[in-house]
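Below is one structure; the comments refer to it alone.
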Amino acid sequence: MTAEEYYVQGDAHRRRGDFSSAMNCYLQAARLDPEGPAATAVEMLQDIMNFYCKDIYNP
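Start counting the sequence shown at 2; every next residue gets the next number (this note's numbering).
Now the structure itself:
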């Protein structure tokens with residue numbers, strides 16, 4: 002898959018609330034294209050996880 006395909010798949014997971022799968026897709030996309038939109042999406046999703054899951058995400 003290409004970085005764009007991983008990014009689109011990550012967006013679909015994020016819209017369904019499946020943040021774990023979304024993060025996996027975004028990370029794959031960011032590895033393939035570090036300058037692409039997935040890098041921003043990873044940061045955004047990390048912020049969401051830090052806010053909602055403080056005890057789980059930050060032990």
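Just so you know, even glycine gets a beta-carbon here, dropped at the ideal spot from N, CA and C. Note that the structure is a prediction, hence the values are computed from the model and not measured.
Identify whether D19 lies in helix, strand or coil by the three-state DSSP scheme. Here D19 sits in coil by DSSP.
Using 7 Å as the threshold, is the C-beta distance between Q10 and C26 below it? Yes, Cβ-Cβ distance for Q10 and C26 is below 7 Å.
Where R17 falls, given that 16 or more other Cβ within 10 Å makes a residue buried: R17 counts as exposed, since fewer than 16 other C-beta atoms from the protein chains shown sit within 10 angstroms of its C-beta.
Apart from the five residues on each side of it in sequence, which residues of its chain come closer than 6 Å, Cβ to Cβ, to L33? These residues qualify, in order along the chain: A4.
So what does DSSP say about G11, is it helix, strand or coil? If DSSP states are grouped into helix, strand and coil, G11 belongs with the helices.
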